[in-house]
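Q: Read in order, the letters of the sequence shown correspond to residues 1066 to 1776 in the numbering used here. Note that CB positions come from ideal geometry on N, CA and C, so glycine has one too. Note that the structure is predicted; figures quoted are calculated from it, not measured. The structure that follows is given in the form of structure tokens.
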Amino acid sequence: MLLAAGARYARRLCGRGAAAALQGRTGRSCARDVSTSWSPVGAAFNVKPQSHLWNLLGERRGLFGVPELSTPEGFQIAQEEALKKTEWLVERACSTPPGPQTVLIFDELSDCLCRVADLADFVKIGHPEPAFREAAQEACRSIGTMVEKLNTNVELYQSLQRLLGDKKLMESLDAETRRVAELFMFDFEISGIHLDEEKRRRAVDLNVKILDLSNAFLMGANVPNKIRKSLLPEHIQHHFARDGSHLIIDGLHAEASDDLVREAAYKIFLYPNADQLKCLEELLSSRDLLAKLVGYSTFSHRALQGTIAQTPETVMQFLEKLSEKLSERTRKDFEMMQGMKTKLNPQNSKLMPWDPPYYSGVIRAERYNIEPSLYCPFLSLGACMEGLNVLFNKLLGITLYAEQTFKGEVWCNDVRKLAVVHESEGLLGYIYCDFFQRANKPQQDCHFTIRGGRLKEDGSYQLPVVVLMLNLPHASRDFPTLLTPGMMENLFHEMGHAMHSMLGRTRYQHVTGTRCPTDFAEVPSILMEYFSNDYRVVSQFAKHYQTGQPLPKAMVSRLCESKKVCTAAEMQLQVFYAALDQIYHGQHPLKKSTTDILMETQEQFYGLPYVPDTAWQLRFSHLVGYGAKYYSYLMSRAVASMIWKECFLQDPFNRAAGERYRREMLAHGGGKEPMLMIQGMLQKCPSIDDFVDALVSDMNLDFETFFLDSK
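Put into structure tokens, the structure is as follows:
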């Protein structure tokens, strides 16, 4: 219930929320109050960290400046304090007469739990020391137990019900307060608290079962398959890891140049596992039972509540129309790939599902001569960070400053801390940049919310704190960290999430920043990808780290055009995955096996043949975090595309458009209906056809007209 802002939109890229009490200025401070510990952001990322940069003479602050977290044992203290405060807040909520104060208490209760849970969620996977990771894991379990207890607290539920049941009182509340109250109630009822005791107990049991099945499915989705060496031709065996007389197949090897390697990897890695199949079937069935128990016809109807799409019918309409518009382009993409395969392998030229990633790359390289290493010298990390700084300053009046950290504040000495400062509002929040590779670090690029913003009772604003996690190479003695174009685009993408967190100035932390519906949460990050591909933006910072020579416009143009090669086929694949996700979470019992459904859906929405004795769905790990919401990436991209073309294509540094973007979209977090935010930004209500047209028009080779217009 009270952590549902995270649970409902659970993805590591947008974390789950709040952290502990950091020392710092509120949003009321003046821009001229520049801290002496702030320094230019570009230089901070182009030098190796030095021990003298740390404040070794100051007190030991602990992780994120929380004194208790200077040692792993501090998590025990933090969770005990949170649980003690939770009990007091529950008593307050139950005894307070219904009104706006009820929502404030519920939000403070949520914040109290998230201060520990969200910080621990990051530490349990991001900290290099096992003792800290284990302590954080235990804290997560402890807070989770408290959440389960609150989910079944009927008195607490009734205190909120009294507010929502008073129509006149609800009408007197402002729109954001009404929405947050309704979200809290929605989270309660998902747990079945409105049901009788027997059904409530069943709902709790189903929630526990779903959590266990989700964890088991995630683990199974990544387990390698083994095969006896003698069953594979000797000349391809060296492509796979060995385990005695067996070979270990741990992925699809989609970029391998040998067709036989890709074929073998595809067939072996996707070979059905009976336990994983049973786990998926039970997961889908349990989700359906829970949805029906709490009043929804399908799990998809429950999951899409409050999203841009709103209903599974709308999602399927979107996917079917998009598939129809893509069909001819996809056919031509497959023909192109088929032609390339015939040219390179005439004896076995039929295009198969393991071919597109490789052959689209071959076509891209041949047509545009794109070699990522040619771009790297122009894209030092410091230059890219300075480019982001310039962009945010021109669009939003925001400057990023590198801030000195205290002893124990960060978990690795190459983590940089950024202060996000507005020209008139002052300090808005902090971004901890955990950008560099290290042993046992998760390989995903992620955004974690450590502390959510909220208006406190004393009138000050609780500043948001986030972590951005990337996996970039370290600088060497001879040159700084150099990024490939893909790394640079990922950096811009993740910084889009961070700015959403910094600028989501909501009254309530339950809806702060990226705590918004899944199909809206990716809009700010994908929009940043458009900026990263515009030469007018790139030319502000992309200069050779040794000579200062700017990155030639023709190289950027070629790179952007190369990204459109075979994009219809790539998008068609995403449509297929999204449609499969909807069917799995639609009407139950399913009419056929999950594999038969996969085969039919692949035929309808993709075009390349199903391969017998494979079960790709058993590797579809997104079914856990994105259940019934896999379409979200496509819809977010459509919205971002429309915003780019309508508001920033003519001038990517347009300050008026930037301010409108902040005012209409970023500022509200999840505190406003997503479609209302989109309407405010675009000055119209987009239709499904508008979304589809936006995605398809991005594929036109003449779309990047700004390369010709910007002299």
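Among the candidates Ala1329, Arg1307 and Phe1334, whose CA atom is the shortest distance from the CA of glycine 1316?
A: Of the listed residues, the one whose Cα sits closest to glycine 1316 is Phe1334.
Q: In the DSSP assignment, find the beta strand (DSSP E) that holds asparagine 1290 and state where it starts and stops.
A: Asparagine 1290 -> beta strand (DSSP E) spans 1290 to 1293.
Q: Can you list, in chain order, the stretches of the alpha helix (DSSP H) that have 4 or more residues and sit fully within the segment 1551 to 1583?
A: Fully enclosed alpha helix (DSSP H) runs of 4 or longer: not present.
Q: Please state whether DSSP places aspartate 1678 in a helix, a strand or coil.
A: Note: aspartate 1678 maps to coil in three-state DSSP.
Q: According to DSSP, is methionine 1593 part of a helix, a strand, or is it coil?
A: Three-state DSSP puts methionine 1593 in a helix.
Q: With a Cβ-Cβ cutoff of 9 Å, do tyrosine 1336 and tryptophan 1419 count as a contact?
A: Not a contact, by the Cβ cut-off of 9 Å.
Q: Go ahead and pull the three-state DSSP assignment for alanine 1084.
A: Here alanine 1084 scores only 28 on pLDDT, less than 50, and its place in the model should not be relied on; the value that follows carries that caveat. Coil at alanine 1084, not helix or strand.
Q: Hey, is the segment 1693 to 1705 in contact with the segment 1431 to 1448, meaning 3+ C-beta pairs nearer than 8 Å?
A: The segment 1693 to 1705 is not in contact with the segment 1431 to 1448.
Q: At 4 residues or longer, and completely inside the segment 1225 to 1294: list those alpha helix (DSSP H) runs for me, N to C.
A: If we require 4 residues or more, the alpha helix (DSSP H) runs fully inside the segment 1225 to 1294 come out as 1232 to 1237, 1240 to 1255 and 1262 to 1286.
Q: So what's aspartate 1023 in DSSP terms, helix, strand or just coil?
A: Here the chain covers residues 1066 to 1776 and nothing more, so residue 1023 does not appear.
Q: On the premise that glycine 1736 lies in contact with tyrosine 1573, defined as a C-beta separation below 8 Å, what is that separation, rounded to the nearest angstrom?
A: Contact holds; Cβ gap of about 7 Å.
Q: Is it right to say histidine 1303 is buried, meaning 16 or more other beta carbons lie within 10 angstroms of its own, or is it exposed?
A: Classification of histidine 1303: exposed, given that the 10 Å Cβ count is below 16.
Q: From phenylalanine 1685 to alanine 1286, what distance separates their C-alpha atoms?
A: Computed Cα separation, rounded: 7 Å.
Q: Would you kindly check if the distance between the Cβ of glycine 1518 and the Cβ of glycine 1569 is under 9 Å?
A: Yes, the pair counts as a contact, with Cβ atoms nearer than the cut-off.
Q: Closest to alanine 1319 by C-alpha separation, out of Ile1313, His1311, Ser1310 and Ala1329, would be which residue?
A: The shortest Cα separation from alanine 1319 among Ile1313, His1311, Ser1310 and Ala1329 belongs to Ala1329.
Q: If you draw a straight line from the alpha carbon of isoleucine 1515 to that of lysine 1521, how long is it in whole angstroms?
A: C-alpha separation (whole angstroms): 17 Å.
Q: So is glycine 1360 buried or exposed if we call it buried at 16+ other beta carbons inside 10 Å?
A: Glycine 1360 should be labelled exposed.
Q: What do you get for threonine 1167, buried or exposed, if any count of 16 or more other CB atoms within 10 angstroms of its CB means buried?
A: Classification for threonine 1167: buried.
Q: Using beta carbons (cut-off 9 Å, strictly below), is histidine 1562 in contact with chain B?
A: Looking at the structure shown, chain B is missing, and only one protein chain is on hand.
Q: Do you know whose CA, among Leu1409, Gly1404, Ala1268 and Glu1389, lies nearest aspartate 1324's CA?
A: Of Leu1409, Gly1404, Ala1268 and Glu1389, the residue nearest in Cα terms is Leu1409.
Q: Helix, strand or coil: how does DSSP classify alanine 1306 here?
A: Here alanine 1306 sits in strand by DSSP.
Q: Using 10 angstroms around the beta-carbon of phenylalanine 1253, count the other beta-carbons present and answer buried if the total reaches 16, otherwise exposed.
A: It counts as buried.
Q: Is any heavy atom in the ligand ADP found nearer than 8 Å to the beta carbon of isoleucine 1314?
A: Of the ligands one can find in the structure shown there are none, so the ligand ADP has no counterpart to examine.
Q: Per DSSP, valine 1485 forms a beta bridge with which residues?
A: Looking at the DSSP assignment, valine 1485 forms a beta bridge with Leu1465 and Gly1494.
Q: Check whether the segment 1460 to 1470 touches the segment 1719 to 1736, taking contact to mean three or more Cβ pairs, one atom from each stretch, closer than 8 Å.
A: A contact exists between the segment 1460 to 1470 and the segment 1719 to 1736.
Q: Less than 8 Å between the CB atoms is what I'm expecting for valine 1380 and glutamine 1647, so what's the real figure, rounded?
A: Valine 1380 to glutamine 1647, Cβ: 6 Å. Contact.
Q: DSSP three-state call for glutamate 1520: helix, strand or coil?
A: The sequence as given places leucine at residue 1520; glutamate does not occur at that position. Correct three-state label for leucine 1520: strand.
Q: Quick one: using the 10 Å Cβ neighbour count with 16 as the cut-off for buried, is valine 1757 buried or exposed?
A: Per the 10 Å Cβ criterion, buried.
Q: Buried or exposed: leucine 1645, going by 16 or more other Cβ atoms within 10 Å of its Cβ?
A: Flag for leucine 1645 reads buried.
Q: Tell me whether valine 1761 is buried or exposed, calling it buried when 16 or more other Cβ atoms sit within 10 Å of its Cβ.
A: When all chains shown are included, valine 1761 counts as buried.
Q: Mark tryptophan 1709 as exposed unless 16 or more other C-beta atoms lie within 10 angstroms of its C-beta, in which case mark it buried.
A: Buried: at least 16 other Cβ atoms inside 10 Å.
Q: Among residues of its own chain, excluding the 5 on either side of lysine 1386, which ones have a beta-carbon nearer than 8 Å to its beta-carbon?
A: So the list reads Ile1753, Asp1754 and Val1757, once near-sequence residues are dropped.
Q: Output the boundary residues of the alpha helix (DSSP H) element that contains isoleucine 1753.
A: Counting along the chain, the alpha helix (DSSP H) containing isoleucine 1753 begins and ends at 1753 to 1762.
Q: According to DSSP, is methionine 1401 part of a helix, a strand, or is it coil?
A: In this structure, methionine 1401 counts as helix in the three-state DSSP scheme.
Q: From this set, Gln1527, Gln1748 and Ser1365, which residue's C-alpha is nearest glycine 1651's C-alpha?
A: Nearest of Gln1527, Gln1748 and Ser1365 to glycine 1651, Cα basis: Ser1365.
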